[in-house]
Amino acid sequence: MIRFENVSKVYARGARPALDDVSVDVSRGEFVFLVGASGSGKSTFLRLVLREERPTGGRVYVAGRDLSRLSSWKVPSLRRSIGVVFQDFRLLPNKTVHENVAFALQVIGKPRHTISTTVPEVLEMVGLDGKEKRMPHELSGGEQQRVAIARAFVNRPQILLADEPTGNLDPTTSLGIMRLLDRINRTGTTVVMATHDDEIVNEMRKRVVELSTGSVVRDEIDAVYGHRESILPAVGQTPVLDAPGRDAPAVVHRVQVTPEPADLEAERAAEAAAARAAESGDQQPAAALPAAPAVEDRPVDQRPVAQAPVEPVGPPAADRVPEPGSPDDVVQQVLREHERVRAGREA
Amino acid sequence: MRLQFVLTEVLNGLRRNLSMVVSVILVTFVSLTFVGAAALMQTQVDKLKGDWYDLVEVSVFLCPDGSTAPTCAEGEATEEQIAELEQVIDTELSTVVEQTYFESKADAFGAFTELYPDGYQGTQLTADDMQASFRLKLVDPEQYQVVDDVLEGRAGVEVVEDQRAVFEPLFVALGRASMLAAGLAGVMLLAAVLLITTTIRLSAVSRRRETGIMRLVGASNLFVQLPFMLEGAIAALIGALLAVGGLWLAVQYLVLDWLQDAVDWVAYVDVGDVLAVAPLLIGIAVLLAVVSSVVTLNRYTRV
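Residue numbers (UniProt numbering), protein chains in the order written: chain A, 1 to 347; chain B, 1 to 303.
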């Protein structure tokens, strides 16, 4: 679905390449985490997939198209097969939830009746049923991200790119967003997510591609985030920030918040929608992840993967089956898992 | 769907940048009024030329008694001289001269008494005070010079006079006025282009969020840029229509109602001429808008 062949990207002549001879192959229906410090090339990777940039060297293939040969008037059709979600949501502040999602279909010229049926469907899927008329500023961060995901997914793209979609959200809300992305992945959509959130990566147990100064240093399936301190740059002791320095004590005091009731409600609604879809046999069975070639650039022992700071707890999140009819249980479960993950971290 | 969506976007854009849009309309209005005024003045000059050049003739005045001109050294033009001149006009100037009319002294006196039955400024004149002349009607009044070259300096010809010379100062004045208007129009058009460019840029920047999302979800280039182009075009078009309206009012009230009453023997520009200029003005307005949008949008909303 996405193939990078020895791709390099140099923004300014003489500058350090943002991507340096990167080869990655993402199959249809895969869920891939892209991890690495700021400036490691994650965003460049996503921009190349979207053809917002052209590679300086190498080939990029997306959805069967050779992007280096794609003429610019065909770029819109490429982008119609890709959905994108950002850390800052990028909703239109003067449009309602419904209008924001409908906008994505309007501007590609979809007929009105298609819009009026598709938008409520996708809003129900993300758990925002009944909030169509709200403005973005009336929603919590988690709900706004759900709108953004609905907008990205409303045209049923083959690929969903997410650039730190949980970067602005608290852990519990993030978990809800991840369950949503997972659900989208199960419909057969390829998901590539750039993130700094080790907790989420560890819990999801998906394929992880780690970039460092523009090179792939790790590509593992069913993987964990890795040693946080080796991925993120040392910034000294900052208990509030997510990135403690190398010498910081093992125990990190994270800011703990109680999730917004609205986010929990959205999560409940989304789970209920998924359950309904599963009951009516609408939903595709969870796609078995194709075995991606694990490109090991380095011997494993050189990487601190084995000493993951978090013990994998319980079954991977992807295997959880929501109990139909008891959405409250789901929320409780989310909260419990959150607690468990934190306990694991502090252990 | 598409059309309705684009129109909504256009309306929103126009509303959001109202003051800029108004200034675009005004600048286009003023500049196109100048363009139109220049065009109308040119039309007026052409009309006058058409009317008056049909009437004007080249007069070849023959030597009277006691003329001081060198060609009249032998005194009054003789019959032979007149016959010879007639011969020359018939042969050498046959292609240039459409009609020849010989006005004898008696004819001239007749015309004079008709004009001044009581004598001129109290002096009673006779036919002998008049001057005989050839009146030549030219095929093309502009070819006066050819006639002058052939006839001037011949024996018996005192002076060759082009009646057009009488009108020339008026035409020069009108020509300069229309040049002035065209010059001002040029400056104003430049201002209009810059202002439309700025307005479109402002509009594009203020809607960067929308256009960014449009590009991401795969809206085509045309779809992203069309609302901006239409905004510029609509503003310019309104300006052009105002200019046509302004010119129509000016022609109706200044020329037809007022000037024509005062001086009624002249053919003036009329409303039809304004309507003839209108497509030109609208065309210029649309061209302005399209050129400025293409230049700006390629820089600000490229995929």
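Just so you know, even glycine gets a beta-carbon here, dropped at the ideal spot from N, CA and C. From a predicted model like this one, the values you see are computed outputs, not experimental measurements.
Residue i, enclosing alpha helix (DSSP H) - first and last residue
{"i": "R151 (chain A)", "result": "G141 to F153"}
{"i": "R208 (chain B)", "result": "R208 to L216"}
{"i": "R135 (chain B)", "result": "That residue, R135 (chain B), is in no alpha helix (DSSP H); its beta strand (DSSP E) goes S133 to L138."}
{"i": "F228 (chain B)", "result": "N221 to L249"}
{"i": "I108 (chain A)", "result": "It is not in any alpha helix (DSSP H) - I108 (chain A) carries neither H nor E in the DSSP assignment."}
{"i": "residue 350 (chain A)", "result": "Any question about residue 350 (chain A) goes unanswered here, given that chain A covers just 1 to 347."}
{"i": "I25 (chain B)", "result": "L18 to L55"}
{"i": "E79 (chain B)", "result": "E79 to T91"}
{"i": "S77 (chain A)", "result": "V75 to R79"}
{"i": "R268 (chain A)", "result": "P261 to E279"}
{"i": "Y144 (chain B)", "result": "Y144 to L151"}
{"i": "E114 (chain B)", "result": "K105 to L115"}
Element boundaries [beta strand (DSSP E), containing residue i]
{"i": "M193 (chain A)", "result": "T190 to T195"}
{"i": "R207 (chain A)", "result": "R207 to S212"}
{"i": "residue 304 (chain B)", "result": "Because chain B is modelled from 1 through 303, residue 304 (chain B) falls outside the range shown and cannot be assessed."}
{"i": "G57 (chain A)", "result": "G57 to V62"}
{"i": "G167 (chain A)", "result": "G167 (chain A) -> no beta strand (DSSP E), and no H or E assigned at all."}
{"i": "G39 (chain A)", "result": "No beta strand (DSSP E) contains G39 (chain A), which DSSP labels as neither H nor E."}
{"i": "E53 (chain A)", "result": "Element bounds for E53 (chain A): n/a, residue is neither H nor E."}
{"i": "G83 (chain A)", "result": "I82 to F86"}
{"i": "S23 (chain A)", "result": "L19 to V26"}
{"i": "E138 (chain A)", "result": "E138 (chain A) -> no beta strand (DSSP E), and no H or E assigned at all."}
{"i": "F4 (chain A)", "result": "I2 to K9"}
{"i": "D162 (chain B)", "result": "V157 to D162"}
{"i": "residue 348 (chain A)", "result": "In the structure displayed, chain A extends from 1 to 347; residue 348 (chain A) sits before or after that span and is not available."}
Residue j beta carbon less than 8 angstroms from that of residue i
{"i": "A150 (chain A)", "j": "V101 (chain A)", "result": "yes"}
{"i": "L216 (chain B)", "j": "V84 (chain A)", "result": "yes"}
{"i": "residue 392 (chain A)", "j": "S40 (chain A)", "result": "The structure shown does not extend to residue 392 (chain A), since chain A spans only 1 to 347, so no value can be given for it."}
{"i": "L136 (chain B)", "j": "I196 (chain B)", "result": "no"}
{"i": "F171 (chain B)", "j": "Q106 (chain A)", "result": "no"}
{"i": "L211 (chain A)", "j": "L91 (chain A)", "result": "no"}
{"i": "W258 (chain B)", "j": "V274 (chain B)", "result": "no"}
{"i": "L160 (chain A)", "j": "V49 (chain A)", "result": "no"}
{"i": "E158 (chain B)", "j": "P279 (chain B)", "result": "no"}
{"i": "V160 (chain B)", "j": "L174 (chain B)", "result": "no"}
{"i": "V201 (chain A)", "j": "F153 (chain A)", "result": "no"}
{"i": "A219 (chain B)", "j": "I282 (chain B)", "result": "no"}
{"i": "E203 (chain A)", "j": "V341 (chain A)", "result": "yes"}
{"i": "L180 (chain A)", "j": "V97 (chain A)", "result": "no"}
{"i": "V290 (chain B)", "j": "A233 (chain B)", "result": "yes"}
{"i": "M130 (chain B)", "j": "F102 (chain B)", "result": "no"}
{"i": "A63 (chain A)", "j": "Q158 (chain A)", "result": "yes"}
{"i": "A148 (chain A)", "j": "F103 (chain A)", "result": "no"}
{"i": "A266 (chain A)", "j": "E143 (chain A)", "result": "yes"}
{"i": "A127 (chain B)", "j": "F109 (chain B)", "result": "yes"}
{"i": "A132 (chain B)", "j": "K105 (chain B)", "result": "yes"}
{"i": "T166 (chain A)", "j": "I177 (chain A)", "result": "yes"}
{"i": "V251 (chain B)", "j": "V271 (chain B)", "result": "yes"}
{"i": "residue 309 (chain B)", "j": "I284 (chain B)", "result": "In this structure chain B extends from 1 to 303, so residue 309 (chain B) is not present and cannot be described."}
Rounded distance between the beta-carbons of residue j and residue i, thought under 8 angstroms
{"i": "A273 (chain A)", "j": "E124 (chain A)", "result": "5 angstroms"}
{"i": "E260 (chain A)", "j": "S140 (chain A)", "result": "4 angstroms"}
{"i": "A236 (chain B)", "j": "V286 (chain B)", "result": "7 angstroms"}
{"i": "V60 (chain B)", "j": "D162 (chain B)", "result": "With 8 angstroms as the limit, V60 (chain B) and D162 (chain B) do not qualify as a contact, their Cβ atoms being about 10 angstroms apart."}
{"i": "P169 (chain B)", "j": "V10 (chain B)", "result": "Incorrect: roughly 51 angstroms between the Cβ atoms, too far for contact."}
{"i": "L230 (chain B)", "j": "N17 (chain B)", "result": "That pair is no contact at about 13 angstroms."}
{"i": "A155 (chain B)", "j": "T71 (chain B)", "result": "6 angstroms"}
{"i": "V244 (chain B)", "j": "L40 (chain B)", "result": "Rounded, the Cβ-Cβ distance is 11 angstroms, inconsistent with contact."}
{"i": "F134 (chain B)", "j": "L85 (chain B)", "result": "7 angstroms"}
{"i": "N185 (chain A)", "j": "R80 (chain A)", "result": "Not really, about 19 angstroms apart at Cβ, beyond 8 angstroms."}
{"i": "V253 (chain B)", "j": "P141 (chain B)", "result": "The residue you asked about is not Val; residue 253 (chain B) is Tyr in the sequence shown. The pair is not a contact, with the Cβ atoms about 33 angstroms apart (cut-off 8 angstroms)."}
{"i": "V24 (chain B)", "j": "A191 (chain B)", "result": "At roughly 10 angstroms, the Cβ-Cβ gap does not stay under 8 angstroms, so V24 (chain B) and A191 (chain B) are not in contact."}
{"i": "K206 (chain A)", "j": "V22 (chain A)", "result": "The Cβ separation is near 19 angstroms, so there is no contact."}
{"i": "A181 (chain B)", "j": "A37 (chain B)", "result": "5 angstroms"}
{"i": "S215 (chain A)", "j": "D20 (chain A)", "result": "5 angstroms"}
{"i": "V96 (chain B)", "j": "L138 (chain B)", "result": "6 angstroms"}
{"i": "R51 (chain A)", "j": "L70 (chain A)", "result": "6 angstroms"}
What are the residues of the UniProt domain "ABC3 transporter permease C-terminal" (184-296) of chain B that lie near chain A, defined by any Cβ-Cβ distance shorter than 9 angstroms? R209, E210, G212, I213, M214, R215, L216, V217, G218, A219, S220, N221, F223 and V224
Would you say the segment 179-194 of chain B touches the segment 26-46 of chain B, given that touching needs at least three Cβ pairs under 8 angstroms? Contact between the segment 179-194 of chain B and the segment 26-46 of chain B is present, with at least three C-beta pairs closer than 8 angstroms.
Flag this pair as touching only if the segment 48-64 of chain A and the segment 1-10 of chain A have three or more C-beta atom pairs under 8 angstroms; answer yes or no. yes
Meets three-Cβ-pair contact criterion under 8 angstroms: the segment 13-24 of chain A and the segment 169-188 of chain A: no
According to a CB-to-CB cut-off of less than 8 angstroms, which residues of the segment 2-17 of chain B neighbour chain A? Taking 8 angstroms as the Cβ-Cβ cut-off against chain A, the residues of the segment 2-17 of chain B that qualify are R2 and F5.
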